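Sequential numbering from 0 applies to the sequence shown in numbering that gives the first Met the number 0.
Where a beta carbon is used, it is the ideal one built from N, C-alpha and C, also for glycine.
These figures come from a predicted structure and were not determined experimentally.
Comments concern the structure below.
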Amino acid sequence: MLDKRLVFVTGKGGVGKSAVAAALGMVAARRGRRTIVAEVAARDDVHRALSGGASGGFAESELADGLFALSVDPQAAMEEYLEDQLSRPLAEVLKGSRIFGYLAAATPGMRELLTVGKLWELAQPDRRTPGAEPYDLVVVDAPATGHGLALLNAPRTFAEVAAAGPVARQAGVIQATLEDRSQTGVVVVATPEEMPVNETAFLRDELGDRLDLVVANAVRPDRFDDEEASRLAAASGPAARLALVAHARAREQQEQLRRLTPDAVLPFAPVGATGGADLERLAEALEATL
Ligand SMILES: Nc1ncnc2c1ncn2[C@@H]1O[C@H](COP(=O)(O)OP(=O)(O)OP(=O)(O)O)[C@@H](O)[C@H]1O
Ligand SMILES: [Mg+2]
Numbered sequence: 000m001l002d003k004r005l006v007f008v009t010g011k012g013g014v015g016k017s018a019v020a021a022a023l024g025m026v027a028a029r030r031g032r033r034t035i036v037a038e039v040a041a042r043d044d045v046h047r048a049l050s051g052g053a054s055g056g057f058a059e060s061e062l063a064d065g066l067f068a069l070s071v072d073p074q075a076a077m078e079e080y081l082e083d084q085l086s087r088p089l090a091e092v093l094k095g096s097r098i099f100g101y102l103a104a105a106t107p108g109m110r111e112l113l114t115v116g117k118l119w120e121l122a123q124p125d126r127r128t129p130g131a132e133p134y135d136l137v138v139v140d141a142p143a144t145g146h147g148l149a150l151l152n153a154p155r156t157f158a159e160v161a162a163a164g165p166v167a168r169q170a171g172v173i174q175a176t177l178e179d180r181s182q183t184g185v186v187v188v189a190t191p192e193e194m195p196v197n198e199t200a201f202l203r204d205e206l207g208d209r210l211d212l213v214v215a216n217a218v219r220p221d222r223f224d225d226e227e228a229s230r231l232a233a234a235s236g237p238a239a240r241l242a243l244v245a246h247a248r249a250r251e252q253q254e255q256l257r258r259l260t261p262d263a264v265l266p267f268a269p270v271g272a273t274g275g276a277d278l279e280r281l282a283e284a285l286e287a288t289l
């Protein structure tokens, strides 16, 4: 898994995709892979989670030894692409115009293609950005389910509308990388709840053998066995009632875990007052399965 060049992390909204992507990046960097965790969206969650609050923006920034983070923005990716392909003055003119908005609105899959093109570029041994060092591994904190799939299939979608020309050729090269299991992996994250588990089943169908790893996240321990539970049920008082509620929730989780059949199980591990995930604990749990 960590020997691939691109690993996409997707799943239902809010299940811990950013946390798992960050923890995955930590594990890879510790194993000596020069790794970048790239968030797709302008929100920069990964950088904030890993750096304890500071926003890193659209520049590649080093957070720990061999671990970098970046937020990928389609507009910035477009500007980079124009600068690379055209003379500087012409690129400047196009950047200043509203052409990007028009093109993106008129061309299905173009935003996703630019985004995925940037992710692909990060993982190329010979990066087109002058002076940029390549990464061994790009962990993509991808958007939730539907948009995540759109990203993984963007070059194909684009090729269907623009059948010829240099962009279509480049899209073909990128799609080949995305569909090559030795180079690209997909991780689906779910919490042990009905809807995230349903979305995982959907993603399993859509992705087929492109899916490498199903991660159950934020799993709480079940502290009581059946006998203890019935003794709790017979007891009175608020503490016993709270314990029973926790027990019932753990039971429901177990049921959902049976449906999910995950490859890795990560604990519910909040830290401090901020409540964000304890990435160190998630990395430890992942380390054991990778
Ligand atoms: N194992 C965990 N234990 C405790 N808290 C967690 C765990 N995993 C994630 N969290 C917390 O849950 C919240 C949602 O996690 P995260 O932002 O990683 O989800 P996401 O799937 O990336 O969400 P979005 O779809 O909005 O991008 C965050 O506050 C995060 O710190
Ligand atoms: Mg996220």
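Closest option to Ala249, judged by alpha-carbon separation, among Leu202, Arg219, Val39: Arg219.
Close CB contacts of Ala170 within its chain, under the 7 Å cut and outside five residues either way in sequence, are with Leu112, Pro154, Phe157, Ala158 (chain order).
Beta-bridge pairing by DSSP links Glu254 to no other residue.
Ranked by Cα distance from Asp221, the first of Ala245, Gly207, Glu38 is Ala245. Around the beta-carbon of Thr183, 16 or more other beta-carbon atoms lie within 10 Å, marking it buried. Taken from the Cβ of Pro269, at least one heavy atom of ligand 1 lies inside 6 Å. Rounded to the nearest whole angstrom, the CA to CA distance from Glu120 to Val214 is 27 Å.
Boundaries cannot be given for Gly130, as no beta strand (DSSP E) includes it and DSSP labels it neither H nor E.
For Val166, the secondary structure class from DSSP, reduced to helix, strand or coil, is helix. Beta-bridge partners assigned by DSSP to Phe7: Val139, Val185. CA-CA distance, Asp277 to Leu265, rounds to 11 Å.
The alpha-carbon separation between Glu82 and Gln252 amounts to approximately 51 Å. Relative to the non-hydrogen atoms of ligand 1, the Cβ of Val196 never comes closer than 6 Å to any of them.
Only residues of its own chain outside the window of five on either side were considered, and among them Val115, Gly116, Trp119, Pro154 have a CB closer than 7 Å to the CB of Ile173, listed in chain order.
A Cβ-Cβ contact shorter than 7 Å links Leu148 with Glu205. The beta carbon of Ala238 is closer than 6 Å to none in its chain, skipping five residues each way along the sequence. From the listed residues Thr190, Leu69, Asp2, Glu78, the smallest Cα separation to Ala21 is found for Leu69. For Lys11, the shortest C-beta to heavy atom distance toward ligand 2 is 6 Å or greater. Between the beta-carbon of Leu177 and that of Leu151 there is about 6 Å, and that keeps the pair under the 8 Å contact cut. Of the other Cβ atoms in all chains shown, fewer than 16 fall within 10 Å of the Cβ of Tyr101; this residue is therefore exposed. If you check the C-beta of Ala245 against ligand 1, you find no heavy atom less than 6 Å away. Take Pro191, set aside five residues on each side of it, and the residues of its chain with a beta-carbon closer than 7 Å to its own are Ala215, Val218, Gln252, Gln255, Leu256, Leu259, in chain order. Here DSSP, grouped into helix, strand and coil, assigns Pro124 to coil. Residue environment: Ala122 is assigned as buried (16 or more neighbouring CB atoms within 10 Å of its CB, all protein chains considered).
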